[in-house]
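In our numbering, the protein residues as written are 32 to 483.
The beta carbon of each residue, even a glycine, is placed where N, CA and C say it ideally should be.
Note that the structure is predicted; figures quoted are calculated from it, not measured.
What follows is one structure encoded as structure tokens, with my remarks underneath.
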């Protein structure tokens with residue numbers, strides 16, 4: 032029979048059973064066989080409203096509230112609320128999949144950053160690219176960077192209760208005037224105070240500084256690095272990345288020059304030496320783009336410590352090169368018919384990939400061609416492989432003469448599911464347009480496995 036959810040601290044009870052599904056509930060898309068949720072009688076299509084009396088707002092609440100020996104679920108099914116329960120075995124997964132990790136909607140960004148990448152995108156791209164999120168929950172769940180400017184006191188109370196660690200924070204500058212200019216907000220709260228508050232809650236933070244020439248480089252960058260170092264080990268890493276600009280960016284903004292990239296690297300490396308002596312780690316890490324822009328060699332793996340910001344493009348090239356060093360000696364010509372391979376990448380990574388492909392071809396006797404794609408969609412200043420469009424790949428491939436039987440595409444040019452490019456092309460459509468089999472790879476090891 033319909034029931035009234037029980038109240039619990041941090042949640043809220045519905046005084047009367049609603050006649051329609053509650054707005055903030057988790058749409059269940061899958062229930063693992065034999066799991067806690069299955070034993071409780073939950074089904075795909077149910078909407079999860081409460082767990083152990085907590086009105087759940089997201090998957091974090093679900094995990095937090097279900098961390099008990101006996102778990103009670105309240106779900107909306109067929110126009111009514113039902114209570115389901117089961118005993119949880121030690122270490123057992125709940126066994127639920129949801130349509131979305133956030134049940135009460137995404138927290139939108141309230142900043143006006145002049146370099147906001149979303150605002151530099153043309154119309155007609157993959158819809159998810161236009162979402163301007165600044166949600167601390169996704170920072171915890173997915174490692175996305177947030178500015179902390181939209182945190183409410185209720186958010187802080189939740190952070191204290193649930194200890195959501197680590198979080199990834201876009202600092203940009205510790206000098207408040209520079210940061211407010213970069214965020215486009217005069218009322219942005221003091222970032223150092225916010226970081227200290229998080230650290231006092233035993234929440235580790237990984238920080239990033241997006242460097243905009245003339246705004247937060249030079250002395251401003253040096254001060255930011257020193258200020259953040261004072262928060263170590265609570266501030267566990269500092270990523271330094273160049274601003275990303277498309278052909279639709281504001282005229283006043285520009286990318287760093289090769290000379291400016293070299294200056295940033297010199298500053299970061301001096302700071303790393305200081306931190307290595309002080310803390311035993313480099314603490315600050317420059318993204319791969321800086322080294323490639325400056326024409327510098329990529330540092331050894333030890334310079335990245337435990338690679339805390341690899342998903343931010345920091346250390347990816349080193350991992351690629353070290354993986355190649357491990358796999359290349361085991362390469363040999365394939366036993367069967369060898370494919371004719373074209374490897375696609377952006378212009379930034381092409382100089383790194385070219386000699387690797389030459390050696391790969393020499394060791395395997397497989398013809399391999401490099402296709403360095405210029406980004407016609409977003410502009411020539413966008414040189415990373417992760418922002419290549421399907422249309423630009425096809426154009427560059429045809430201009431190079433086509434003819435491959437296998438086209439290796441960077442996995443990062445697709446969404447997390449590997450389903451769509453930035454311009455909404457699927458792998459199947461690319462294969463059709465390229466008239467070749469396509470595969471998504473992150474490493475030469477993966478490409479070598481295609482020859483087996």
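Distance between residue j and residue i (C-alpha atoms, nearest Å)
i, j, result
"residue 106", "residue 55", "12 Å"
"residue 405", "residue 384", "15 Å"
"residue 142", "residue 301", "32 Å"
"residue 473", "residue 248", "32 Å"
"residue 91", "residue 373", "43 Å"
"residue 425", "residue 458", "12 Å"
"residue 116", "residue 72", "8 Å"
"residue 287", "residue 463", "38 Å"
"residue 450", "residue 237", "29 Å"
"residue 134", "residue 309", "44 Å"
"residue 36", "residue 94", "In this predicted model, residue 36 has a pLDDT of only 38, less than 50, meaning its place in the structure is not dependable enough to derive any value."
"residue 386", "residue 269", "31 Å"
"residue 125", "residue 307", "42 Å"
"residue 475", "residue 443", "15 Å"
"residue 433", "residue 407", "19 Å"
"residue 351", "residue 99", "42 Å"
"residue 389", "residue 138", "47 Å"
"residue 74", "residue 199", "34 Å"
"residue 250", "residue 340", "24 Å"
"residue 377", "residue 76", "42 Å"
Assigned secondary structure, residue i (DSSP; H/G/I helix, E/B strand, else coil)
i, result
"residue 483", "coil"
"residue 175", "coil"
"residue 158", "helix"
"residue 339", "coil"
"residue 89", "strand"
"residue 66", "coil"
"residue 316", "strand"
"residue 421", "helix"
"residue 61", "strand"
"residue 374", "strand"
"residue 298", "helix"
"residue 451", "coil"
"residue 56", "coil"
"residue 79", "strand"
"residue 169", "helix"
Distance CB(residue i)-CB(residue j) smaller than 8 Å
i, j, result
"residue 326", "residue 335", "no"
"residue 23", "residue 194", "As shown, the chain starts at 32 and ends at 483. That puts residue 23 outside it, with no answer to give."
"residue 467", "residue 440", "no"
"residue 215", "residue 144", "yes"
"residue 420", "residue 454", "yes"
"residue 252", "residue 314", "no"
"residue 15", "residue 254", "Nothing about residue 15 can be read from this structure; the chain reaches only from 32 to 483."
Range of the contiguous alpha helix (DSSP H) that encloses residue i
i, result
"residue 495", "Residue 495 lies beyond the range of the chain shown here (32 to 483); nothing can be said about it."
"residue 468", "That residue, residue 468, is in no alpha helix (DSSP H); its beta strand (DSSP E) goes 468 to 472."
"residue 193", "184 to 193"
"residue 395", "381 to 395"
"residue 352", "347 to 358"
"residue 208", "207 to 214"
Extent of the continuous beta strand (DSSP E) to which residue i belongs
i, result
"residue 460", "Per DSSP, residue 460 belongs to no beta strand (DSSP E); it is in the alpha helix (DSSP H), 458 to 465."
"residue 401", "399 to 404"
"residue 221", "Element bounds for residue 221: n/a, residue is neither H nor E."
"residue 273", "266 to 273"
"residue 198", "198 to 201"
Suppose only complete runs of 3+ residues qualify. What are the beta strand (DSSP E) ranges in the stretch 103 to 163, listed by chain order?
111 to 118 and 127 to 129
Where are the beta strand (DSSP E) runs, 3 residues long or more, that stay fully inside the stretch 220 to 258, in chain order?
236 to 242
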